[in-house]
Structure formats: structure tokens, C-alpha cells
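Below you'll find the structure, written out as C-alpha cells, and then a few comments.
Residue numbers (my numbering): 13 to 432.
Next comes the structure, spelled out in C-alpha cells:
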């Protein structure tokens, strides 16, 4: 069902944000702006409804018509509605997840939206929004990954968070000698292992290589890929991870850290809330950027990014571009990423962040300390079929590292078939 917001609806968002957006001197907008969104969970739905309402109120001649579709249903419907009856604005994701729609000519080139200050303000995700030297959407939120650790356990064992690989391994050995596993992880659902692959590969070979690999341009039997797995195996052979991790989901692996049986978790910032709910105080919990491995490689991060796009068949592209400029403004991105809204990070580097130590640390990491680039996470950067095969291989390697040759041969055969 669509929703319109014109007559009689109270403007509930901040007046300051409206004024700031209006000061961009957009030409008078008219007609209907149709927005399709997958922000169907309660908090995101309130955000998109508020954005649509506010933008409608800002433009007397424009009517905003919002349709919210269940998040899972949206994934199966997007190609159909982009082809048959496209809206003017649609939610989606950055990186390889947008590539099929760019390649099919279903998303509009919006490089002109990025001109001027916005290119600098959104620089952290520009590569993830760029194909063929052009930009095909804008980001509105992302969140950091990193090493969340028990600061109290580190202190008890006289160790500090590591900035380099040797210290990372040395810390791990200290913890193991004290009877504490270095890392909890649950690989029952395979994406958690992909997080480890992403970071070790990006720290070993860099962002460009990682993206070339997920784009099918590098053989899985390449020596550089083997080096990634060799580095990973150093941790596996030490016994760094909890036992029987294939039996646990990521949530089921949390108690090992909560109880002090494991000292750290490589995970997205969404894990902080359940850690707090599980009894950890902010004094007990720390965050650290994944350490460098190859000093010649700039640090890149996993930061899954949610985006807005303009379908190539949009009937009101000027209003759509104005909406994208509005939703990427520092003020709006600050507001929609507050803890009582999306609870994530604004992409605009001039936005401000909620008074939360982990959000602030993540914003600093992504805005200032990730010169190597922002990846979207393995199962977003690789095609779905390749991601499934690869993540099965990652899990198998973690359990049986001697099977590496077999795993890489399977992945290479899959690469040749899938990217053909």
C-alpha cells in the first residue's frame, strides 16, 4: 500500500533539517514522487515514513507516495518492479549487490548528485557506489565491523589490543596459556566465517585484490589467496577459536564471551546491544580495528551499506535526485542514525554521531581510518551462488584446514562456472 503525506499531516521531524535541505535551492518540484522501500521492520519503517512525510511537506507542489514492502519479499520483487513499473526511488545495497541492476540498465547514472561537496562527504563509500567510473546510488547508513573484546580479561592478562599481526597472535597465545579462547564464533550460519576471510584477505592483499576476487577476476588457487589462508591457519592451528563452532549461531556463540571463556569476537556493531543485555558493561567491553598484516596494504573495512537508487524508468527523476540530496545531507543522516532510529552510522563525514562509544569508534574507523576502502561483506560483494560455495569452503577450512587444496579447487571450479 502506498502512503501520501500532504494535507493535514503534522511535520514531526526537526525543522532545522528541513531548512537545511531547503537551502540547497532545488528547483520547484511537482507531480508525484513514488518511493519503494524494504525498510519494513518497525524502527526503519518509522524512519522512511518520517523522511517521506518531511520531504512531502517541504515541497508544496509535490506529493510523495511511499510503498513499504516486506524486506524478504522485496528481494524477489525488485527486478520485476524495476522492469515493469519502476518507482522514482528504491532502496537497495551497495557494491556487487547493485551490479546486476546497473548491468541490466535498471538503475540510473546519478553521478551529478555526487558533484561538489557530497563527493568528499561520502568519500568512504564512493568506491562501493561506483561502476564504470559512474555513481549509481547514494548511501544513507552503514555499520562497522571490528574486534570486540573483553577489556577486563585483556587487562588481567597484561595485554593491549593489537595493531599488528604478530601482536595479535602473541596476545592470543597469552590468552590460551591462561585457559581462555581468543575468539568466539558461531559458524552454523556461514557468514560469520566470511567475516574472518574478508579481513584476513583485505589485510594480506588489499581492497582492490579482494574486490577482484569477489568479482571473479582472480583464481582461487592463486598464491595470494593461499597466503590469506596460510595467515588464517596460524590462528586455527593455535586453537584460537572456541570448539565446535559449527554448532552455534552467532547469537549462540555470545555466552562464551559473556562468561569469559573467550576474550573477543570479530563481529558487526549489532552485537553490542546483546552483549550489553547479557550483562557486559561498557567498561568491560572494548572495540579495536582489525590489525594490519601486510604493512604495505592500506587498511580497508567491512561496512555493509544501505542505499537509495533511482530506477532508469523513473518518471520524476528531478524530484528523485532532490530526495537523494536531502537524505544524504549531514543533518538528515545524523538524525536517522540515532539510537532511537536506525541505531547505525551516518555515512556523511560531516554528520555527528550519537553519544555511544562504539558508534563513535566505528565512525572514526570508517570516516578516517580506512584509507584502503569499504567492502560490503563477502556475501554482498560476491554473487549469491559464489558466496554460498565459498562460505561453505571457509567453514570447512576452519574445521579441517588440511582440506585447503580440495576447498580451493572446488571454489575455482565454481568461479569458472558462475562468472561465465
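Heads up, the beta-carbon is just placed ideally off N, CA and C, and yes, glycines get one too.
Report, in whole angstroms, the separation of the C-beta atoms of residue i and residue j, which I expect to be a contact under 8 Å.
{"i": "residue 328", "j": "residue 121", "result": "That belief does not hold up - the Cβ atoms of residue 328 and residue 121 are roughly 17 Å apart, past 8 Å."}
{"i": "residue 420", "j": "residue 244", "result": "Going by Cβ atoms, the distance from residue 420 to residue 244 rounds to 13 Å, so no, they are not a contact pair."}
{"i": "residue 405", "j": "residue 422", "result": "6 Å"}
{"i": "residue 80", "j": "residue 49", "result": "5 Å"}
{"i": "residue 313", "j": "residue 205", "result": "Between residue 205 and residue 313 the Cβ distance is about 18 Å, and since that is not below 8 Å, they are no contact."}
{"i": "residue 139", "j": "residue 319", "result": "With 8 Å as the limit, residue 139 and residue 319 do not qualify as a contact, their Cβ atoms being about 13 Å apart."}
{"i": "residue 142", "j": "residue 200", "result": "About 35 Å separates the two Cβ atoms, so there is no contact after all."}
{"i": "residue 153", "j": "residue 354", "result": "5 Å"}
{"i": "residue 151", "j": "residue 317", "result": "5 Å"}
{"i": "residue 59", "j": "residue 67", "result": "Actually they are not in contact, since the Cβ atoms of residue 59 and residue 67 sit about 13 Å apart, beyond 8 Å."}
{"i": "residue 94", "j": "residue 334", "result": "Actually they are not in contact, since the Cβ atoms of residue 94 and residue 334 sit about 21 Å apart, beyond 8 Å."}
{"i": "residue 210", "j": "residue 390", "result": "5 Å"}
CA-CA distance, residue i and residue j?
{"i": "residue 321", "j": "residue 332", "result": "9 Å"}
{"i": "residue 187", "j": "residue 275", "result": "8 Å"}
{"i": "residue 363", "j": "residue 397", "result": "37 Å"}
{"i": "residue 352", "j": "residue 78", "result": "22 Å"}
{"i": "residue 87", "j": "residue 119", "result": "15 Å"}
{"i": "residue 64", "j": "residue 298", "result": "37 Å"}
{"i": "residue 253", "j": "residue 411", "result": "10 Å"}
{"i": "residue 220", "j": "residue 102", "result": "28 Å"}
{"i": "residue 340", "j": "residue 255", "result": "44 Å"}
{"i": "residue 418", "j": "residue 408", "result": "10 Å"}
{"i": "residue 294", "j": "residue 166", "result": "14 Å"}
{"i": "residue 135", "j": "residue 280", "result": "21 Å"}
{"i": "residue 402", "j": "residue 371", "result": "31 Å"}
{"i": "residue 132", "j": "residue 302", "result": "25 Å"}
{"i": "residue 11", "j": "residue 179", "result": "The structure shown does not extend to residue 11, since the chain spans only 13 to 432, so no value can be given for it."}
{"i": "residue 309", "j": "residue 260", "result": "33 Å"}
{"i": "residue 414", "j": "residue 51", "result": "43 Å"}
{"i": "residue 377", "j": "residue 269", "result": "23 Å"}
{"i": "residue 385", "j": "residue 242", "result": "23 Å"}
{"i": "residue 235", "j": "residue 289", "result": "43 Å"}
So the candidates are the options; which of them puts its Cα closest to the Cα of residue i?
{"i": "residue 311", "options": "175, 198 and 237", "result": "175"}
{"i": "residue 380", "options": "156, 293 and 248", "result": "156"}
{"i": "residue 265", "options": "251, 283 and 293", "result": "283"}
{"i": "residue 349", "options": "341, 143, 358 and 343", "result": "358"}
{"i": "residue 383", "options": "242, 269 and 215", "result": "215"}
{"i": "residue 97", "options": "394, 326, 344 and 393", "result": "326"}
{"i": "residue 445", "options": "56, 151 and 67", "result": "The structure shown does not extend to residue 445, since the chain is modelled only from 13 to 432, so the question has no answer here."}
{"i": "residue 62", "options": "237, 366, 373 and 338", "result": "338"}
{"i": "residue 162", "options": "85, 292, 92 and 125", "result": "292"}
{"i": "residue 250", "options": "324, 195, 209 and 300", "result": "195"}
{"i": "residue 117", "options": "102, 108, 148 and 125", "result": "148"}
{"i": "residue 277", "options": "68, 198 and 95", "result": "198"}
{"i": "residue 71", "options": "178, 330, 360 and 203", "result": "330"}
{"i": "residue 108", "options": "226, 69, 89 and 170", "result": "226"}
{"i": "residue 367", "options": "360, 385 and 347", "result": "347"}
{"i": "residue 46", "options": "193, 53 and 323", "result": "323"}
{"i": "residue 84", "options": "69, 53 and 114", "result": "53"}
{"i": "residue 222", "options": "392, 426, 425 and 343", "result": "392"}
{"i": "residue 315", "options": "306, 365 and 207", "result": "207"}
{"i": "residue 144", "options": "114, 158 and 304", "result": "114"}
Report the three-state DSSP secondary structure of residue i (helix, strand or coil).
{"i": "residue 200", "result": "coil"}
{"i": "residue 49", "result": "strand"}
{"i": "residue 424", "result": "helix"}
{"i": "residue 413", "result": "helix"}
{"i": "residue 384", "result": "coil"}
{"i": "residue 76", "result": "strand"}
{"i": "residue 41", "result": "coil"}
{"i": "residue 319", "result": "strand"}
{"i": "residue 104", "result": "strand"}
{"i": "residue 218", "result": "coil"}
{"i": "residue 355", "result": "coil"}
{"i": "residue 260", "result": "coil"}
{"i": "residue 189", "result": "helix"}
{"i": "residue 82", "result": "coil"}
{"i": "residue 92", "result": "helix"}
{"i": "residue 432", "result": "coil"}
{"i": "residue 255", "result": "coil"}
{"i": "residue 418", "result": "helix"}
{"i": "residue 304", "result": "strand"}
{"i": "residue 389", "result": "coil"}
{"i": "residue 297", "result": "strand"}
{"i": "residue 66", "result": "helix"}
{"i": "residue 367", "result": "coil"}
{"i": "residue 326", "result": "coil"}
{"i": "residue 178", "result": "helix"}
Please confirm if residue i has its CB atom under 8 Å from at least one CB of chain B.
{"i": "residue 191", "result": "Among the chains of the structure shown, chain B does not appear; only one protein chain is present."}
Entirely enclosed beta strand (DSSP E) segments - the region 100 to 171, minimum 3 residues:
101 to 105, 150 to 154 and 157 to 162
Note down, one range per segment and in chain order, each beta strand (DSSP E) of at least 3 residues found wholly within the region 259 to 295.
As far as the region 259 to 295 is concerned, its whole beta strand (DSSP E) runs of at least 3 residues are 274 to 280.
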